[in-house]
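S.K.: Heads up: the sequence lines are chains A and B, in that order. Using the numbering used here, the first residue of the first sequence is number 614, and each one after it goes up by one. Using the numbering used here, the first residue of the second sequence is number 614, and each one after it goes up by one. We put the CB at the ideal spot given by N, CA and C, even for glycine. In this text, all values refer to a predicted model and were calculated from it rather than measured experimentally.
Protein chains: 2
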Amino acid sequence: MKNLPDKTVERLSQYRRSLNNQLTKGKTNIFSHELAHLLHITPVQVRRDIMLIGYSGTLRKGYDIKEMINLIGKIIDTDEGQRIAVIGMGNLGKAFIHYLHEKGSKLRIVASFDVNPDKTNKTYAGVHCYHFDRMAEIVKKEEITIGIITTPPEVAPQIADKLVKAGINGILNYTPKLLSVPDEVYLEEYDMITSLEKVAYFVKHRD
Amino acid sequence: MKNLPDKTVERLSQYRRSLNNQLTKGKTNIFSHELAHLLHITPVQVRRDIMLIGYSGTLRKGYDIKEMINLIGKIIDTDEGQRIAVIGMGNLGKAFIHYLHEKGSKLRIVASFDVNPDKTNKTYAGVHCYHFDRMAEIVKKEEITIGIITTPPEVAPQIADKLVKAGINGILNYTPKLLSVPDEVYLEEYDMITSLEKVAYFVKHRD
DNA sequence: TATTCCCTGTTAAAAATTTAACAATAATGC
DNA sequence: GCATTATTGTTAAATTTTTAACAGGGAATA
Numbered sequence: 614m615k616n617l618p619d620k621t622v623e624r625l626s627q628y629r630r631s632l633n634n635q636l637t638k639g640k641t642n643i644f645s646h647e648l649a650h651l652l653h654i655t656p657v658q659v660r661r662d663i664m665l666i667g668y669s670g671t672l673r674k675g676y677d678i679k680e681m682i683n684l685i686g687k688i689i690d691t692d693e694g695q696r697i698a699v700i701g702m703g704n705l706g707k708a709f710i711h712y713l714h715e716k717g718s719k720l721r722i723v724a725s726f727d728v729n730p731d732k733t734n735k736t737y738a739g740v741h742c743y744h745f746d747r748m749a750e751i752v753k754k755e756e757i758t759i760g761i762i763t764t765p766p767e768v769a770p771q772i773a774d775k776l777v778k779a780g781i782n783g784i785l786n787y788t789p790k791l792l793s794v795p796d797e798v799y800l801e802e803y804d805m806i807t808s809l810e811k812v813a814y815f816v817k818h819r820d
Numbered sequence: 614m615k616n617l618p619d620k621t622v623e624r625l626s627q628y629r630r631s632l633n634n635q636l637t638k639g640k641t642n643i644f645s646h647e648l649a650h651l652l653h654i655t656p657v658q659v660r661r662d663i664m665l666i667g668y669s670g671t672l673r674k675g676y677d678i679k680e681m682i683n684l685i686g687k688i689i690d691t692d693e694g695q696r697i698a699v700i701g702m703g704n705l706g707k708a709f710i711h712y713l714h715e716k717g718s719k720l721r722i723v724a725s726f727d728v729n730p731d732k733t734n735k736t737y738a739g740v741h742c743y744h745f746d747r748m749a750e751i752v753k754k755e756e757i758t759i760g761i762i763t764t765p766p767e768v769a770p771q772i773a774d775k776l777v778k779a780g781i782n783g784i785l786n787y788t789p790k791l792l793s794v795p796d797e798v799y800l801e802e803y804d805m806i807t808s809l810e811k812v813a814y815f816v817k818h819r820d
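(1) Quick check: the Cα distance between residue 666(A) and residue 670(B), rounded to an integer number of angstroms?
(2) For residue 714(A), does the three-state DSSP call read helix, strand or coil?
(3) Starting from the Cα of residue 720(B), find the closest Cα among 698(B), 707(B), 702(B) and give me that residue.
(4) In chain order, what residues of the same chain lie with their CB nearer than 6 Å to the CB of residue 745(A), ignoring the 5 residues before and after it?
(5) In this structure, how does DSSP classify residue 637(B) when only helix, strand and coil are distinguished?
(6) Where does residue 745(B) sit, in a helix, a strand or coil, going by DSSP?
(7) Please report the distance separating the alpha-carbon of residue 634(A) from that of residue 649(A).
(8) Within 10 angstroms of its Cβ, does residue 627(B) collect 16 or more other Cβ (buried), or is it exposed?
(9) What is the DSSP secondary structure of residue 787(B), reduced to helix, strand or coil?
(10) May I ask you to list the residues that DSSP assigns as paired with residue 696(A)?
(11) Mind checking who residue 760(B) pairs with in its DSSP beta bridge?
(12) Can you give me the start and stop residues for the alpha helix (DSSP H) that residue 814(A) sits inside?
(13) Cutting at 8 Å between CB atoms, please list the residues of its own chain near residue 668(B), excluding the five before and the five after it.
(14) When the Cα atoms are used, what is the spatial distance from residue 689(B) to residue 801(B)?
(15) Give a yes or no on whether 8 Å exceeds the smallest Cβ distance from residue 725(B) to chain A.
(16) What's the call for residue 672(B), buried or exposed, on a 16-neighbour Cβ count within 10 Å?
(17) One question on the structure: do residue 623(B) and residue 811(A) come within less than 8 Å of each other, judged by their Cβ atoms?
(18) Just to make sure I have the definition right: I need the residues of chain B whose C-beta is within less than 9 Å of the C-beta of residue 661(A). Which are they?
(19) Quick one: does residue 815(B) have its CB under 8 Å from some CB of chain A?
(20) Is the beta carbon of residue 752(A) sitting closer than 8 Å to the one on residue 713(A)?
(21) Taking the DSSP output, what are the residues bridged to residue 642(B)?
(22) Whole angstroms is fine: what's the gap from residue 739(B)'s alpha carbon to residue 701(B)'s?
(23) Cβ of residue 819(B) within 8 Å of Cβ of residue 803(A)?
(24) For residue 623(B), name the three-state secondary structure that DSSP assigns.
(25) For residue 789(B), does the count of other Cβ atoms within 10 angstroms reach 16, so buried, or fall short, so exposed?
(26) Spell out the partners DSSP gives residue 684(B) in its beta bridges.
(27) Give me, in chain order, the residues of the same chain whose beta-carbon lies closer than 7 Å to that of residue 703(B); leave out the 5 immediate sequence neighbours on both sides.
(28) From this set, 772(A), 640(A), 617(A), which residue's C-alpha is nearest residue 663(A)'s C-alpha?
(29) List the endpoints of the continuous alpha helix (DSSP H) containing residue 665(B).
(30) Taking the straight line between their C-alpha atoms, what separation do you get for residue 641(B) and residue 815(B)?
(31) Is residue 658(A) near residue 813(B), with beta carbons less than 8 Å apart?
(32) Using DSSP bridges, identify the partner residues of residue 740(A).
(33) By the criterion of Cβ-Cβ separation under 7 Å, what are the contact partners of residue 709(B) in chain A?
(34) How should residue 674(A) be labelled, buried or exposed, when 16 other C-beta atoms within 10 angstroms of its C-beta is the threshold for buried?
(35) Looking only at its own chain, which residues have a Cβ that is under 6 Å from the Cβ of residue 782(B), when we skip the five neighbours before and after it?
(36) Could you spell out where the beta strand (DSSP E) holding residue 800(A) opens and where it closes?
Have a look at this one:
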């Protein structure tokens, strides 16, 4: 599977989640228009994405849900899974840990970090919380490849720095402070306020 | 200001945040390449966005930070601000409330909702928490236009329904359950797992 | 005051993404 | 079994978004 478009990758994740959902409802097959409806996109887009990942449905029966879930897994998961750390055990950090805890995902949060002694050396939903100081050590020992930053924005840059030096490969930054990392580290930034302001803008400008 | 591209709207929010940040550092002017660097985009893109919103910098001095902040405010804020509710006072809901609390934003969270009697009738960072049952009533009384859904996914659809019936104009859905609302309601869906899986994919496929 | 340099504003080109169009064909109905 | 219908797969067109190219002009230099 060569380079899929960015947007397709995002949708694959959503397809899988919707497909799993349908599976629990007892459905075994699904049409492109059904999947499209669930994601608020067009059927063509669904078919095109499916084409890009090299899968085929059967005419008039649609796509086999299980097969598709498996294939998406082959594309976006790694066999061994990836090991993840959450840095900053505030509300957002906890939300992440609880959220991932239940799912049978290949992505596993294996450590969390904080400075606050009330939080360190405790375990939240099975995830141990270490002090910031031990980040380099634990990242290496636990073979962590991805870090999720949910600290206060002021400290985000130094956290990112530490993570990079410890050899992390990807960072998901949830603080509003924009970061800067070397090219070889994949960085995704997400700001909740931006989403909210976007909604506000389109609410204001709706006809 | 007519219809700005979607992506420009998202960036405006980020420009503003970065500009505010620079302002507190004592900067009064900024070049397109500086702003670009902060957001990990190109200077051309910055200049183009600025062109689209009808602002002009001065040659060799760059853009006046205060003026630009004001202009962005005129575009993405409404004069009276918008009144927001958070539904679901788990970790994520609380994160949102605390996060917006500090900022001098025009977006104000004026109510929150939950079913859990341990949470209802309390106040978090100045935001009162009501029982789900009172949603219609409070949305109308408080003139709430936007709802942020941070409940467990199972209940998200019925919450969205209630919000729509209560006359809300925009919904920001943070649950992994995809929703469906009438066209006149602006819906933005965001799934933290999708972001994480995207990072995982690009980490796996990096060269 | 001429020259160089740097930065903006904008038009044009390129790239990415979405949508349309339609051929192919399995199932269904008659 | 023949026509009709429904649905996929794919190429081509359209749209959106980003990037390149460059003219213009103020500031700095000399």
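M.R.: Judging by the given coordinates:
(1) Going by the C-alpha atoms only, they are around 46 Å apart.
(2) Correct three-state label for residue 714(A): helix.
(3) Taking the Cα of residue 720(B) as reference, the smallest distance to any Cα among 698(B), 707(B), 702(B) is reached at 698(B).
(4) Closer than 6 Å at Cβ, skipping near neighbours: 726, 728.
(5) If DSSP states are grouped into helix, strand and coil, residue 637(B) belongs with the helices.
(6) The three-state reading of DSSP puts residue 745(B) in helix, counting H, G and I together.
(7) Their Cα atoms are separated by approximately 14 Å.
(8) So residue 627(B) counts as buried.
(9) Assignment of residue 787(B) by DSSP, reduced to helix, strand and coil, places it in the coil class.
(10) Beta-bridge pairing links residue 696(A) to 721(A).
(11) Answer is 698(B), 784(B).
(12) Run containing residue 814(A): 805-817, per the alpha helix (DSSP H) assignment.
(13) Exclusion of the five residues before and after residue 668(B) leaves 676, 680, 681, 684 as the residues of its chain whose Cβ lies within less than 8 Å of its Cβ.
(14) Those two C-alpha atoms are separated by around 16 Å.
(15) Answer no: the Cβ-Cβ gap between residue 725(B) and chain A never drops below 8 Å.
(16) Exposed is the call here.
(17) Less than 8 Å divides the Cβ of residue 623(B) from the Cβ of residue 811(A).
(18) Chain B residues near residue 661(A): none, gap ~18 Å exceeds 9 Å.
(19) Closer than 8 Å: yes.
(20) The answer is no: Cβ separation not under 8 Å.
(21) Residue 642(B) pairs with 677(B).
(22) One C-alpha to the other measures close to 16 Å.
(23) The Cβ atoms of residue 819(B) and residue 803(A) lie no closer than 8 Å to each other.
(24) Here residue 623(B) carries a helix assignment [DSSP, helix/strand/coil].
(25) It counts as buried.
(26) None, per the DSSP bridge assignment.
(27) So the qualifying residues of the chain are 763.
(28) Among 772(A), 640(A), 617(A), the Cα nearest to that of residue 663(A) belongs to 617(A).
(29) Segment 656-665, the alpha helix (DSSP H) holding residue 665(B).
(30) About 38 Å.
(31) For the 8 Å CB-CB criterion, residue 658(A) and residue 813(B) do not form a contact.
(32) DSSP lists 737(A) as the bridge partner or partners of residue 740(A).
(33) Result: 805.
(34) It counts as exposed.
(35) Excluding the 5 residues flanking it on each side, residue 782(B) has same chain C-beta neighbours closer than 6 Å at 758, in chain order.
(36) Annotation: the continuous beta strand (DSSP E) that includes residue 800(A) extends over 799-802.
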